[in-house]
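Take a look at the structure below.
2 protein chains.
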Amino acid sequence: MIDQYETERCDQEFVHTEALQQVRNHMPREEELLDMAELFKVFGDSTRIKILYALFESELCVCDIAALLGMSQSAISHQLRVIKQAKLVKNRRDGKTIFYSLADVHVKTIIGMAKEHLEE
Amino acid sequence: MIDQYETERCDQEFVHTEALQQVRNHMPREEELLDMAELFKVFGDSTRIKILYALFESELCVCDIAALLGMSQSAISHQLRVIKQAKLVKNRRDGKTIFYSLADVHVKTIIGMAKEHLEE
DNA sequence: TAAACATATGAACAGATATTCATATGAAAG
DNA sequence: CTTTCATATGAATATCTGTTCATATGTTTA
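So the sequence lines, in the order shown, correspond to chains A and B.
So in the numbering used here, spot 32 of the first sequence is number 32, and the numbers just go up one at a time.
So in the numbering used here, spot 6 of the second sequence is number 126, and the numbers just go up one at a time.
This is the structure we're talking about:
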C-alpha cells in the first residue's frame with residue numbers, strides 16, 4: 001500500500017527509523033485496533049457508564065434503569081442494545097420483564113483503571 | 121430535581137426498589153461519571169489507539185507518528201492534543217522536534233483489559 | 001381474543017467529532 | 001534577519017452518534 005504521506009515525512013526520518021521499526025513489529029493488526037476502539041466507544045458515553053455502574057450492584061430491568069437515570073425507556077433500550085452488542089451485558093426474560101446483568105469480569109477492572117487515572 | 125420519567129415508570133417498580141436503593145448508594149457523583157466517559161472517548165478512536173500503542177515501545181516525534189500511520193501531520197497533531205489534554209501523554213522539546221511519550225502507567229493496563237475482553 | 005404492559009426498533013434530527021486546508025508559531029541554520 | 005523545518009491551531013465540512021417520537025413485538029391477564 002502506498003503511503004500518501006511518505007514524501008512529506010520530516011527530513012530527520014532516518015534518525016528514528018530504528019524506533020519506528022520496533023513500533024511496527026509490536027503493533028497489532030488493523031482489525032484488532034479497530035475492535036479496541038469500538039469497545040472503548042461503548043464506555044465513552046456517560047449514560048452507558050451509568051448503566052454499567054448500576055449493574056455492578058444488581059441485575060436490573062429496563063424500566064428500573066430508566067427510572068434511576070431519569071431517562072426514557074426508549075433511550076435506555078437503545079443504549080442497552082449497544083452495550084449488549086459489545087458483549088458487556090447479558091439478559092434474561094422473566095415474564096414481561098427483561099433483566100440485564102454484567103456479562104464480563106473485565107468491565108469492573110476497566111472502569112476501575114479509568115477511575116484511578118482520574119484520581120491522580 | 122423532578123424526574124420527567126418518574127410517572128411513566130413501570131408498575132412493578134416497588135419490586136426492585138431495594139435493588140435501586142443499593143445502586144443509588146454506590147453510584148459515583150455525576151461529575152465523576154462524566155469525566156470517566158470523557159476519558160474513554162479518548163480511547164474510542166482507532167487513530168488515537170494506534171498512537172498510544174506506538175508510544176508503548178518508544179517516544180516518538182509527530183512526523184514519526186504521521187509516517188507510521190500514513191496520515192497528515194495536522195491530523196496527528198490534533199489527536200495528540202486530545203490525548204495530552206487527557207493527561208495520557210507528555211512531551212519534551214529537542215530543538216525543532218517535539219517528542220511524545222506515555223504519561224501514565226494505567227494506559228497499558230486499560231488497553232490490556234480491552235484486549236483480553238476481545239480475545240474471549 | 002382483547003387489553004395492558006415491558007421492551008425493542010426504525011426514522012429523523014440535533015449535536016459532536018475527525019480530518020483537511022490554510023496559516024501561525026517557534027527554533028535552528030545560513 | 002531571512003529561510004527552513006517541525007509542530008500547532010482555527011475554520012470548514014462530512015460523518016457519526018444519542019435522543020425522541022411513533023410504532024412493533026412478545027408476554028400476561030381479564
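C-beta: ideal position from N, C-alpha, C; glycine also.
In the three-state scheme derived from DSSP, where H, G and I count as helix and E and B as strand, Leu-55 of chain A is classed as helix. Interface residue (Cβ-Cβ distance to chain B less than 8 Å): Ser-77 of chain A is not classified as such. With a threshold of 8 Å between beta carbons, Leu-80 of chain A makes no contact with chain B. Taking a C-beta cut-off of 7 Å against chain A, the contacting residues of the stretch 158-171 of chain B are Leu-159, Phe-160, Lys-161, Phe-163, Gly-164, Asp-165, Ser-166, Ile-169 and Lys-170, listed in chain order.
The three-state secondary structure of Leu-222 of chain B, taken from DSSP, is strand. Non-local beta-carbon contacts of Ser-101 of chain A in its own chain, meaning distances under 7 Å to residues more than five positions away in sequence, involve Leu-55, Glu-59, Val-89 and Lys-90 in chain order.
When only Cα atoms are considered, Ala-66 of chain A and Arg-81 of chain A end up about 14 Å apart. The stretch 101-115 of chain A makes contact with the stretch 140-160 of chain B; the number of CB pairs closer than 8 Å reaches 3 or more. In this structure, the alpha-carbon of Asp-104 of chain A lies about 11 Å from that of Ile-110 of chain A.
The beta carbons of Arg-168 of chain B and Gln-205 of chain B sit no closer together than 8 Å.
For Arg-81 of chain A, the enclosing alpha helix (DSSP H) has its first and last residue at 73-85. For Lys-235 of chain B, the three-state secondary structure derived from DSSP is helix.
Separation of Gly-190 of chain B and Glu-239 of chain B (C-alpha to C-alpha, rounded to the nearest whole angstrom) is 27 Å.
Under the three-state reduction of DSSP output, Lys-210 of chain B falls in the strand class. A straight-line Cα-Cα distance of about 42 Å links Val-227 of chain B and Lys-96 of chain A.
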